[in-house]
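Q:
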Amino acid sequence: QKEVEQDPGPLSVPEGAIVSLNCTYSNSAFQYFMWYRQYSRKGPELLMYTYSSGNKEDGRFTAQVDKSSKYISLFIRDSQPSDSATYLCAMLTGGGNKLTFGTGTQLKVEL
Amino acid sequence: GAVVSQHPSWVICKSGTSVKIECRSLDFQATTMFWYRQFPKQSLMLMATSNEGSKATYEQGVEKDKFLINHASLTLSTLTVTSAHPEDSSFYICSASARGRETQYFGPGTRLLVL
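Written as structure tokens, this is what we have:
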């Protein structure tokens with residue numbers, strides 16, 4: 127079993143839809159949770175960073191962490207075609223510096 | 302802020318030659334830099350971690366004599382692929398983090414094609 131599980135998709139939604147992207151993990155030592163967006167042939171771009179459980183909102187993006195369930199989510203409101211990309215969840219243990227990535231979910235927002 | 306650049310963005314070379322890729326943190330001091338490799342439709346695979354002024358720590362299965370990493374300053378790390386072969390063709394991405402910070406900021410990547 128992988129430490130971090132993420133559905134690879136592809137996930138196709140119409141423009142304006144609310145998108146929900148999720149990851150589950152098995153290592154209870156993870157304390158820092160990140161979401162990266164990666165466009166084709168580009169490096170990952172940090173979208174959201176959360177420490178421990180709770181919610182964090184930034185514009186159209188909301189990140190949720192439920193440590194009791196070992197489950198994290200990224201919500202995208204009013205999705206746009208420009209949101210079409212691969213979304214990677216990544217996690218870090220306290221005191222560690224190596225990110226553990228999910229496989230990435232490919233999202234396509236259609237007009 | 303937190304901008305990381307890579308150079309070159311793509312490179313084509315002949316088998317047997319060496320290729321150097323630069324990674325620079327433009328607006329912060331990167332005490333730790335990371336080098337990743339990514340194959341099509343796959344996630345990032347960590348190759349090595351380097352701290353400024355120290356030798357790099359390589360992940361299991363990564364040949365340190367083939368992938369030479371230098372982190373001579375707080376803003377620059379280099380990856381040299383020595384005696385490159387077609388199987389080394391891949392997308393190489395660096396990331397950087399500042400002292401005491403958990404977040405890693407990624408460069409735009411370098412696409413290497415070895416003929």
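Residue numbers (our numbering), protein chains in the order written: chain Y, 127 to 237; chain Z, 302 to 416.
For every residue, glycine included, the Cβ atom is placed at its ideal position computed from N, Cα and C.
(1) Is there a Cβ from chain Y that is less than 8 angstroms from the Cβ of Z/TYR359?
(2) On a Cα-Cα basis, can you pick out the residue from Z/LEU347, Z/SER319 and Z/MET334 that is closest to Z/SER326?
(3) Starting from Z/ALA303, trace the beta strand (DSSP E) in both directions and tell me its first and last residue.
(4) Name, in chain order, the residues that DSSP records as bridge partners for Z/HIS308.
(5) What whole-angstrom Cβ distance do Z/VAL363 and Z/SER390 have, given they're in contact under 8 angstroms?
(6) Can you tell which of Z/ILE313, Z/GLN330 and Z/GLU360 has the C-alpha that lies nearest to the C-alpha of Z/TYR406?
(7) Report the neighbours of Z/GLN330 on chain Y: residues whose CB is nearer than 8 angstroms to its CB, in chain order.
(8) So, helix, strand or coil for Y/PRO140, using DSSP?
(9) Does Y/LEU173 get closer than 8 angstroms to chain Z when you measure Cβ to Cβ?
(10) Hey, is Y/TYR213's beta-carbon within less than 8 angstroms of any beta-carbon in chain Z?
(11) From Y/ILE198 to Z/MET346, what does the alpha carbon distance come to, in whole angstroms?
(12) Give the interface partners of Y/PRO136 over in chain Z, defined as CB-CB distance under 7 angstroms, in chain order.
(13) In chain Z, what lies closer than 9 angstroms to Y/LYS193 by C-beta?
(14) What do you get for Y/ASP236, buried or exposed, if any count of 16 or more other CB atoms within 10 angstroms of its CB means buried?
(15) Helix, strand or coil, according to DSSP, for Z/SER398 in the structure here?
(16) Using a Cβ-Cβ distance under 8 angstroms, would Z/ILE394 count as near chain Y?
A: Let's see:
(1) Numbered from 1 along the second sequence, position 58 holds the residue referred to as residue 359 of chain Z. Chain Y, which has no Cβ nearer than 8 angstroms to the Cβ of Z/TYR359, makes this no.
(2) Translated into positions along the second sequence, residue 326 of chain Z becomes position 25. Taking only the C-alpha atoms, the option nearest Z/SER326 is Z/MET334.
(3) Residue 303 of chain Z sits at position 2 when you count from the first residue of the second sequence. Note, Z/ALA303: premise wrong, no beta strand (DSSP E); not H, not E.
(4) Position 7 of the second sequence, counted from the first residue, corresponds to residue 308 of chain Z. Answer is Z/GLU323, bridged to Z/HIS308.
(5) For the purposes of this step, residue 363 of chain Z is identified with residue 62 of the second sequence, where counting begins at 1. For the purposes of this step, residue 390 of chain Z is identified with residue 89 of the second sequence, where counting begins at 1. Rounded, the Cβ-Cβ distance is 16 angstroms, inconsistent with contact.
(6) As a position in the second sequence, residue 406 of chain Z is number 105, starting the count at 1. Of Z/ILE313, Z/GLN330 and Z/GLU360, the smallest CA-CA separation from Z/TYR406 is found for Z/GLN330.
(7) Along the second sequence, one-based indexing puts residue 330 of chain Z at 29. Under a criterion of Cβ atoms nearer than 8 angstroms, no residue of chain Y is adjacent to Z/GLN330; the nearest Cβ is some 15 angstroms distant.
(8) What you label residue 140 of chain Y is simply residue 14 of the first sequence in a count that begins at 1. Of the three classes helix, strand and coil, the one that applies to Y/PRO140 here is strand, per DSSP.
(9) Along the first sequence, one-based indexing puts residue 173 of chain Y at 47. It does not: the Cβ of Y/LEU173 has no partner Cβ on chain Z nearer than 8 angstroms.
(10) Position 87 of the first sequence, counted from the first residue, corresponds to residue 213 of chain Y. It does not: the Cβ of Y/TYR213 has no partner Cβ on chain Z nearer than 8 angstroms.
(11) What you label residue 198 of chain Y is simply residue 72 of the first sequence in a count that begins at 1. What you label residue 346 of chain Z is simply residue 45 of the second sequence in a count that begins at 1. For Y/ILE198 and Z/MET346, the distance between alpha carbons rounds to 21 angstroms.
(12) The residue given as residue 136 of chain Y occupies position 10 in the first sequence. Correct list: empty, because the minimum Cβ distance to chain Z is about 10 angstroms.
(13) To locate residue 193 of chain Y, count along the first sequence from 1; it is residue 67. Chain Z residues near Y/LYS193: none, gap ~16 angstroms exceeds 9 angstroms.
(14) Residue 236 of chain Y sits at position 110 when you count from the first residue of the first sequence. Sequence inspection shows Glu at residue 236 of chain Y; the Asp mentioned does not correspond to that position. Label assigned to Y/GLU236: exposed.
(15) Residue mapping note: residue 398 of chain Z aligns to position 97 of the second sequence, counting from 1. In the structure shown, Z/SER398 sits in a strand (DSSP, three-state: E or B).
(16) For this step, residue 394 of chain Z is matched to residue 93 along the second sequence. It does: the Cβ of Z/ILE394 has a partner Cβ on chain Y nearer than 8 angstroms.
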